[in-house]
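Note that the protein sequences, when read in sequence, are chains V and L. With positions in the first sequence counted from 1, the corresponding number in this note's numbering is that position plus 116. With positions in the second sequence counted from 1, the corresponding number in this note's numbering is that position plus 455. From the three backbone atoms N, C-alpha and C, an ideal C-beta is built for every residue, glycine too.
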Amino acid sequence: MENGFIILFGLTMLYLAATSRIVAHIRLLIAQGILLFLICCCNMNHILGIHMKWLNFGFLVVETLIVKAIIIPWFLYRVLKKTNANRDIAANVPHFYCLVIASVILMAGFLVSNYFISSVKMISPIYFGVSVATIIISLWLITIKHKIISNVIEFITMENGIFLLSLSVAKEMPILVNMGVLLDVFIAVYILGLFVNVINKEFKDLEVSNLSDLKDYEYND
Amino acid sequence: MIKTILLFPIVAGILMLLFRKRFIDNLLLNIYAFLHFAITLFLVFGNKLYQGTYFAVDNTNKIFLLILSFVFLMVTLYNNGYSKSLPSFGVQVGDKKICLYWFMTLAFVWAMTGTVLTTDLGIAWVFIEATTLSSAYLIFFHRTKTAIEAAWKYVFICSIGIALAFVGIIFLNVSTGDINSLSYNVLYNNAPMFDIFWLKTAFVFILFGFGAKMGLAPIHFWLPDAHSESPSPISALLSATLLNSAFLVIVRVFKLMTIANCDEYARIMMLVMGFLSLFVTAVFVYHIKNYKRMLAYSSIENMGILAIGTALGGVGYIAVMLHLIGHSLAKASFFLTSGNILELFETKRIKSVNGLIKADGKTGWLWMFSMLAICAFPTSVLFISEFLIVKTMISQKHYILCVLFLLLLTVVLYGIGRVVIKMAFGEISEDKVKILEENKTKLSAFMYIPQFIMLIIVFILGVYVPPFLNNIISCASAALY
Numbered sequence: 117m118e119n120g121f122i123i124l125f126g127l128t129m130l131y132l133a134a135t136s137r138i139v140a141h142i143r144l145l146i147a148q149g150i151l152l153f154l155i156c157c158c159n160m161n162h163i164l165g166i167h168m169k170w171l172n173f174g175f176l177v178v179e180t181l182i183v184k185a186i187i188i189p190w191f192l193y194r195v196l197k198k199t200n201a202n203r204d205i206a207a208n209v210p211h212f213y214c215l216v217i218a219s220v221i222l223m224a225g226f227l228v229s230n231y232f233i234s235s236v237k238m239i240s241p242i243y244f245g246v247s248v249a250t251i252i253i254s255l256w257l258i259t260i261k262h263k264i265i266s267n268v269i270e271f272i273t274m275e276n277g278i279f280l281l282s283l284s285v286a287k288e289m290p291i292l293v294n295m296g297v298l299l300d301v302f303i304a305v306y307i308l309g310l311f312v313n314v315i316n317k318e319f320k321d322l323e324v325s326n327l328s329d330l331k332d333y334e335y336n337d
Numbered sequence: 456m457i458k459t460i461l462l463f464p465i466v467a468g469i470l471m472l473l474f475r476k477r478f479i480d481n482l483l484l485n486i487y488a489f490l491h492f493a494i495t496l497f498l499v500f501g502n503k504l505y506q507g508t509y510f511a512v513d514n515t516n517k518i519f520l521l522i523l524s525f526v527f528l529m530v531t532l533y534n535n536g537y538s539k540s541l542p543s544f545g546v547q548v549g550d551k552k553i554c555l556y557w558f559m560t561l562a563f564v565w566a567m568t569g570t571v572l573t574t575d576l577g578i579a580w581v582f583i584e585a586t587t588l589s590s591a592y593l594i595f596f597h598r599t600k601t602a603i604e605a606a607w608k609y610v611f612i613c614s615i616g617i618a619l620a621f622v623g624i625i626f627l628n629v630s631t632g633d634i635n636s637l638s639y640n641v642l643y644n645n646a647p648m649f650d651i652f653w654l655k656t657a658f659v660f661i662l663f664g665f666g667a668k669m670g671l672a673p674i675h676f677w678l679p680d681a682h683s684e685s686p687s688p689i690s691a692l693l694s695a696t697l698l699n700s701a702f703l704v705i706v707r708v709f710k711l712m713t714i715a716n717c718d719e720y721a722r723i724m725m726l727v728m729g730f731l732s733l734f735v736t737a738v739f740v741y742h743i744k745n746y747k748r749m750l751a752y753s754s755i756e757n758m759g760i761l762a763i764g765t766a767l768g769g770v771g772y773i774a775v776m777l778h779l780i781g782h783s784l785a786k787a788s789f790f791l792t793s794g795n796i797l798e799l800f801e802t803k804r805i806k807s808v809n810g811l812i813k814a815d816g817k818t819g820w821l822w823m824f825s826m827l828a829i830c831a832f833p834t835s836v837l838f839i840s841e842f843l844i845v846k847t848m849i850s851q852k853h854y855i856l857c858v859l860f861l862l863l864l865t866v867v868l869y870g871i872g873r874v875v876i877k878m879a880f881g882e883i884s885e886d887k888v889k890i891l892e893e894n895k896t897k898l899s900a901f902m903y904i905p906q907f908i909m910l911i912i913v914f915i916l917g918v919y920v921p922p923f924l925n926n927i928i929s930c931a932s933a934a935l936y
């Protein structure tokens with residue numbers, strides 16, 4: 117069950133690589149949030165320590181279900197409506213190759229984790245493989261996409277990957293750190309969203325190439 | 456004491472948001488600056504060490520706290536003059552906007568204080584990310600297209616960098632085995648038992664993550680943009696205090712590597728990044744067009760020197776601490792003076808600035824002396840620190856590195872010196888005289904005194920380090936072993 121959810125999570129990354137409609141990407145963020153919640157539920161006894169069990173669980177519900185699956189997608193959806201950016205077309209790499217490369221990364225994640233990580237006691241290989249592959253695919257997609265709102269979406273999928281990675285270690289982080297991380301990521305997404313709006317107002321469209329005025333070899337004031 | 460320094464800005468911030476009056480908000484920021492400095496003096500020079508669960512003053516962070524507090528005080532003094540002259544930038548600055556500026560400055564300094572004081576790697580991460588978020592508005596302050604670009608790059612690159620640092624922290628958690636804590640002291644006590652492979656992996660991520668924030672070379676791209684587009688007092692804060700806070704986290708993790716006996720690996724990485732920083736600066740500073748960008752590149756260079764000093768070890772640690780003080784004060788003074796120039800000439804373009812000394816003698820000479828201080832002209836404390844680094848290199852028989860180091864520093868010196876001298880001397884064109892006279896009236900005494908004080912300290916420290924400061928420096932460098 118748990119492994120099934122994790123594999124589904126990995127597949128969402130392939131979907132992200134293969135589609136160009138930004139609304140679909142936002143829906144995918146909702147799916148990722150719910151999947152993370154289900155993964156947490158599946159190994160509740162494993163993840164949650166004996167101390168403050170319910171506090172920890174409440175925190176995880178807030179983090180995955182409320183923030184990752186409701187608030188952030190809703191906020192991005194609003195930004196999207198304001199800015200009228202529908203598709204991220206004309207990426208540097210065609211979608212078919214995107215899909216192939218993302219699949220290769222995902223497969224490499226599985227292979228590496230099964231061969232090398234399985235000897236480490238504290239890490240479960242499937243978690244580790246999928247989360248590392250998610251982080252790498254997200255970073256790679258950031259470099260090839262043209263719209264800045266897609267960059268924000270990929271930043272969030274990267275954070276989801278890091279969240280999964282932190283679940284893969286069979287140790288809990290101090291709850292204070294967890295809360296701080298959640299708060300910071302949330303505010304970062306909020307600020308980036310605000311900037312997307314501002315950029316849309318100033319530049320008329322959301323292409324990354326607009327943001328290349330600051331250089332050293334040309335005069336800028 | 457520590458509680459006061461961390462809780463006061465929260466109360467003051469709420470008050471600021473409630474009142475939103477220029478006078479009250481400015482007063483609160485000034486009170487915090489003086490309070491911060493007073494408490495810091497008490498914490499640093501007091502007899503007993505202040506320890507808490509999550510925040511403490513120990514030998515390593517004393518010097519960082521002192522620099523942060525002093526630079527903040529000076530920048531706040533400068534801000535008093537600067538905020539009055541803000542409307543002259545052609546941007547209409549309403550009360551609301553300027554109040555938000557003060558509020559965000561408060562939040563920014565609060566986050567940096569938290570980073571410096573904390574004894575827990577996880578909490579340091581949270582505070583470092585908080586510095587990114589609070590300073591984003593400050594960089595965006597002028598609301599021009601380039602300011603948006605700079606702020607966007609800053610938030611995006613630093614957030615990704617910091618996210619990767621968090622991956623490093625997770626790996627560190629794997630390597631610690633049964634220990635479930637990120638407190639530095641617990642980590643140090645158990646370091647020899649850690650899993651070496653995961654510790655090394657963790658260090659790579661942490662160095663790159665916090666290095667992005669510190670402005671080390673392969674990941675420095677946000678730095679020139681952000682420093683050149685933000686208002687000058689904020690550039691001073693970014694350069695003189697924010698980079699130091701990120702460096703403190705790296706130093707603490709580096710110490711962990713030393714205790715775990717894989718410091719050789721860490722040293723090589725830091726040495727490579729340090730030299731890369733010097734190289735990048737030497738290449739870009741050579742044909743620079745914008746004087747604030749030039750100062751930003753100089754910050755990258757100095758961060759590179761700090762990384763090199765740490766990598767060398769031994770006497771290098773003392774050099775690092777001296778360099779930290781010298782760079783922070785000299786660079787803050789440099790950036791604040793660049794604010795005066797921007798005020799006078801209304802441009803950041805090097806070509807359009809001529810005859811600074813004739814236009815305004817005080818600004819011109821501050822500009823010249825800041826350059827001498829940052830370029831390690833003798834009796835500047837930077838001369839001592841760079842000399843010590845060269846000495847360490849020779850005593851460790853790294854002759855090629857030593858030659859490379861001196862060569863790159865000379866190129867940077869030439870690049871900066873040429874620009875600064877060109878700007879300071881020469882004749883003013885006729886059509887500018889009137890505008891300059893008009894702009895000169897906007898500069899108040901607050902916009903000269905802080906730089907003057909900081910430069911005096913930098914040049915005095917080069918010949919005489921008072922015993923109380925010497926004590927802190929030797930404690931800090933001893934704590935690194």
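Relative to the Cα of L:Gly819, the nearest Cα in the group L:Leu521, L:Ala831 and L:Leu799 belongs to L:Leu799. Closest in alpha carbon position to L:Asn645, among L:Leu693, L:Ser694 and L:Thr713, is L:Thr713. With a contact defined as Cβ atoms closer than 8 Å, V:Leu181 and V:Phe279 miss out at about 13 Å. With respect to chain L, the C-beta atom of V:Ser282 has a partner C-beta closer than 8 Å.
Shown here, L:Ser835 sits in coil according to DSSP, grouped into three states, outside any helix or strand. For L:Ile553, the enclosing alpha helix (DSSP H) starts and ends at Asp550 to Leu572. Taking a Cβ-Cβ cut-off of 9 Å, the neighbours of V:Gly296 in chain L comprise Gly577, Ile578, Trp580, Val581, Phe582, Glu584 and Ala585, given in sequence order. The straight-line gap separating the alpha-carbon atoms of L:Asp650 and V:Ser282 is approximately 18 Å.
Within its own chain, the residues whose Cβ lies closer than 8 Å to the Cβ of L:Leu910, once the five positions on either side in sequence are excluded, are Leu784, Ala785, Ser788, Leu821, Phe824, Ser825 and Ala828, listed in chain order.
Taking L:Val641 as the centre and dropping the five residues before and after it, the same chain places the C-beta of Ile634 closer than 7 Å to its C-beta, in chain order. Legend: CB atoms of the region 740-768 of chain L lying less than 8 Å from CB atoms of chain V belong to residues His742, Ile743, Lys744, Asn745 and Arg748. When DSSP assignments are scanned along the region 218-262 of chain V, no uninterrupted stretch of beta strand (DSSP E) that is 3 or more residues long falls wholly within it. Distance between L:Phe907 and L:Met529, taken at the CA atoms: about 10 Å. Contact check for V:Arg137 against V:Arg203 passes: the beta carbons are separated by less than 8 Å. Distance from L:Thr586 to L:Ser614 at the Cβ level is roughly 11 Å; contact not present, criterion being Cβ atoms closer than 8 Å.
Interface with chain L (8 Å Cβ-Cβ cutoff): V:Leu330 is included.
Along the region 589-638 of chain L, the alpha helix (DSSP H) occurs as fully enclosed runs of 4 or more residues at 600-630, listed in sequence order. For L:Ile674, no alpha helix (DSSP H) run applies, since DSSP gives it neither H nor E. If you look at L:Pro688, you'll find it in the alpha helix (DSSP H) that goes Ser687 to Leu692. In chain order, Val629 make up the part of chain L whose C-beta sits under 7 Å from the C-beta of V:Met238. Three or more beta-carbon pairs drawn from the region 765-778 of chain L and the region 927-935 of chain L are found closer than 8 Å, and the two stretches are therefore classed as touching. When Cβ pairs closer than 8 Å are counted between the two stretches, the region 708-722 of chain L is seen not to touch the region 740-760 of chain L, the count staying below three.
Per DSSP, reduced to three states, the secondary structure at L:Phe880 is coil, with no helix or strand assignment.
Your pair V:His211 and V:Ala134 checks out as a contact, with CB atoms roughly 5 Å apart and the cut at 8 Å. At least one beta carbon of chain L lies nearer than 8 Å to the beta carbon of V:Ile278. For the pair L:Val564 and L:Ala488, the Cα-to-Cα distance works out to about 9 Å.
Within the same chain, and ignoring the five residues on either side of L:Val875 in sequence, the residues whose Cβ sits closer than 7 Å to its Cβ are Trp822, Met823 and Met826. Proximity of V:Ile272 to chain L, defined by a Cβ-Cβ separation below 8 Å, is not satisfied.
By the Cβ rule, the region 617-633 of chain L does not count as touching the region 314-323 of chain V, because fewer than three pairs are nearer than 8 Å. Between the C-alpha atoms of L:Ala511 and L:Asn745 there is a straight-line separation of about 41 Å. By the criterion of a C-beta distance shorter than 8 Å, L:Leu779 is surrounded in its chain by Ile518, Phe519, Ile522, Asn699, Phe702 and Leu761, once the five residues flanking it on both sides are discounted.
A residue is called buried once 16 or more other Cβ atoms fall within 10 Å of its Cβ, and V:Gln148 is buried on that count.
Among the residues facing chain L, V:Asp204 is not included, as its CB has no counterpart in that chain under 8 Å away. When Cβ pairs closer than 8 Å are counted between the two stretches, the region 301-318 of chain V is seen not to touch the region 653-662 of chain L, the count staying below three.
Look at V:Phe226: its C-beta is not under 8 Å from any C-beta on chain L. Against chain L, the beta carbon of V:Asn267 has neighbours under 9 Å at Phe611, listed in chain order.
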